[in-house]
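Peer 1: Just passing along the structure, written as structure tokens.
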Amino acid sequence: MLRQFVLALPALFFLAGCEAESGPLPVSKSLTPEKVASIAATIKTKYPNLSTDLREKVLNTVVQSIDNMVFVEGGQFDMGDFGWACEYDETDVCTWPCGQEPEQLCNISRNGDDDFVHPVKLSSYYLSKFQTTVRDFDVFFTAQGKEVFDVKLREREDLKSMYSPKLPAPTKSWQEAKSYCLWVGDISGYAVDLPTEAQWEFAARSRGQHILFPTNSGSLDFGKNFPIEGEGETFFVDRFLPNPIGLYNMSGNATDWVNDWYGKDYYKNSPVDNPQGPETGEQKVKRGSNYPEAPLSAAPVVRRWPENPNEEAYYPGTSFRCAIQTDKPL
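Note that the sequence shown covers residues 1 to 330 in full-length UniProt numbering.
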């Protein structure tokens, strides 16, 4: 008993030291107190010149980012435009294949880059239930000694609502989104990155089910699980009910960057096991849909959006959510 107490002393002193310097550590839903204390120590080492207040913000941001992760059990599914009834009620969609033979179904999207339905087998992973918020992104910038994005525009009274802390973080480049996820991973010690395109679709389809819209019901209940058309702006990341596996707003708020380069014909060449997208390219893939787009054409789970990885401004309709690339529970 004495030996166990002596062995426990270093951890106790370590925890006490962290709390003495920066106040009580945040309570995590998924991480042990020892892991939280380890993350706090990593932040102190990486950012010795940050104020205590800012180090606490970094710690809270990283711990909350990990707590927001939903474990997605892997499996196999048919990725791509699997087709839907040519006429349907978007507020009460039929159950696929809607009583019809597959060859009678119409394409879900008008684009041909998702027409080649192909088998994909994914290992388990984690995906954030929320998109990264403006608040999260601000901490990321500030910790690195950079001005927050759009610092001058935020001074305008008519634009202040666009920078509310709980809105999805807009990005000017795909690299910013990836760098944020890698930053959370570097501090936490987990393999945090952007999800692959296949991981995004598998999760949006509640582990690969034949679902038309990535909402709680698979249908569009405007004002309850999807924005009313014409609302005209992004909204808080936790506004509507999540889909069946716990992911919020996979469509209708802001699109999500994924890790993959875009290839128009990639679906025809995709490997079955954990596809990562083309090795090179000129555009990156976004998934989901953003608030100004017509929901019937943009919101279905199979839609893909090729986009220049470097944009001209911080457009509110382009955001991201991070993943943890591990098949082991935390």
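By construction, the Cβ of each residue, glycine as well, lies at the ideal position given by its N, Cα and C atoms.
Hey, could you find the ends of the beta strand (DSSP E) N269 is sitting in?
Peer 2: N269 -> not in any beta strand (DSSP E); alpha helix (DSSP H) instead, spanning Y266 to N269.
Peer 1: Is there contact here, the segment 244 to 258 with the segment 174 to 194, by at least three beta-carbon pairs under 8 Å?
Peer 2: yes
Peer 1: So the candidates are V117, E90, D92 and T91; which of them puts its Cα closest to the Cα of E103?
Peer 2: Minimum Cα distance to E103 is reached at V117.
Peer 1: Please tell me whether S28 and L330 are closer than 7 Å, where the distance is taken between their beta carbons.
Peer 2: no
Peer 1: N60 lies in the alpha helix (DSSP H); which residues open and close that run?
Peer 2: T52 to D67
Peer 1: Find out if the Cβ-Cβ distance for the pair P292, G252 is shorter than 7 Å.
Peer 2: no
Peer 1: Secondary structure at residue 377, three-state DSSP: helix, strand or coil?
Peer 2: What is shown of the chain runs 1 to 330, which leaves residue 377 out entirely.
Peer 1: In whole angstroms, what is the alpha-carbon distance linking T181 and P119?
Peer 2: Correcting the residue identity first, residue 181 is Cys in this sequence and not Thr. In a straight line, the C-alpha of C181 is about 28 Å away from that of P119.
Peer 1: How should E155 be labelled, buried or exposed, when 16 other C-beta atoms within 10 angstroms of its C-beta is the threshold for buried?
Peer 2: Exposed, because fewer than 16 other Cβ atoms sit within 10 Å of the Cβ of E155.
Peer 1: Just grab the DSSP bridge partners of M79 for me.
Peer 2: M79 has H118 as its beta-bridge partners, per DSSP.
Peer 1: Based on Cα-Cα distance, which residue from V272, E34 and Y266 lies nearest to P306?
Peer 2: Y266
Peer 1: Looking at the unbroken alpha helix (DSSP H) that takes in K44, where does it start and where does it end?
Peer 2: P33 to K46
Peer 1: What is the rounded straight-line gap between the Cα of D136 and the Cα of R207?
Peer 2: When rounded, the distance between both Cα atoms is 27 Å.
Peer 1: Using the three-state DSSP reduction, which class does T326 fall into: helix, strand or coil?
Peer 2: coil
Peer 1: Under a Cβ-count criterion, where at least 16 other Cβ atoms within 10 Å of its own Cβ denotes burial, should P165 be classed as buried or exposed?
Peer 2: exposed
Peer 1: Can you tell me whether E21 is buried or exposed, with buried defined as 16 or more other CB within 10 angstroms of its CB?
Peer 2: At E21 the pLDDT is 49, less than 50, meaning the model places this residue with poor confidence; the figure from the coordinates comes in the next sentence. Classification for E21: exposed.
Peer 1: Residue range of the beta strand (DSSP E) that F320 falls in?
Peer 2: T318 to F320
Peer 1: What are the start and end residues of each continuous alpha helix (DSSP H) run of 4 or more residues lying completely inside the segment 238 to 308, in chain order?
Peer 2: Every unbroken stretch of the alpha helix (DSSP H) spanning 4 or more residues and falling wholly within the segment 238 to 308 is given here in chain order: 266 to 269 and 295 to 298.
Peer 1: Counting Cβ pairs closer than 8 Å, one from the segment 53 to 63 and one from the segment 137 to 146, do we hit at least three?
Peer 2: yes
Peer 1: Please classify R296 as buried or exposed, where buried requires at least 16 neighbouring CB atoms within 10 angstroms.
Peer 2: Note on identity: in this sequence residue 296 is Leu, with Arg being the wrong assignment. Result: exposed.
Peer 1: I'd like the list of long-range same chain contacts for T326, defined as Cβ closer than 6 Å, with 5 residues on each side in sequence excluded.
Peer 2: The answer, listed in chain order, is A191.
Peer 1: State the Cα-Cα distance for the pair K44 and G232, rounded to the nearest angstrom.
Peer 2: 42 Å
Peer 1: Quick one: is T318 buried, meaning 16 or more other Cβ sit within 10 Å of its Cβ, or exposed?
Peer 2: buried
Peer 1: Report yes or no: do the segment 308 to 323 and the segment 277 to 292 share at least 3 C-beta pairs separated by less than 8 Å?
Peer 2: yes
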